[in-house]
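Engineer: With our numbering, letter number 54 in the sequence shown gets 476, and the count goes up by one each step, no holes. We treat Cβ as the ideally placed atom computed from N, Cα and C, and that holds for glycine.
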Amino acid sequence: MQNPQPDLQLLRMVSDRLERISADSIWAHRASGVRGSLLRILDEARGESPPDPSTIANVLATAFRILEGAAKRS
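Here is the structure:
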């Protein structure tokens, strides 16, 4: 059975990658918002109540789409 605790290392890595998207990119504004969501999830994970797994999955899926789009534009 998989641990319900989110993979904090993955969340941090994706957040760092979103931060590296060039400010000149059309993806930068979207990346900023999703990065904020990831940082909130990381804060929640350090607290008493774990973040909702479906929220984590949705934010990560969006983050990966943004990273893919930004990579295609590079």
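Within 10 Å of its beta-carbon, does A485 have 16 or more other beta-carbons around it, so buried, or fewer, so exposed?
Structural biologist: buried
Engineer: Just confirm the distance between the C-beta atoms of A453 and I478, as a whole number of angstroms; I'd bet it's less than 8 Å.
Structural biologist: Not a contact, Cβ separation roughly 17 Å.
Engineer: Give every residue of the same chain whose Cβ lies closer than 7 Å to the Cβ of P426, excluding the five residues on either side of it in the sequence, and list them in chain order.
Structural biologist: With a pLDDT of 45 at P426, under the threshold of 50, the modelled position of that residue is not reliable, and the figure given next carries that caveat. So the list reads P472, P475, once near-sequence residues are dropped.
Engineer: Is it the case that the Cβ atoms of R434 and L464 are separated by a distance below 8 Å?
Structural biologist: Result yes, Cβ atoms of R434 and L464 sit closer than 8 Å.
Engineer: Where does the unbroken alpha helix (DSSP H) through A445 begin, and where does it stop?
Structural biologist: That residue, A445, is in no alpha helix (DSSP H); it is neither H nor E in DSSP.
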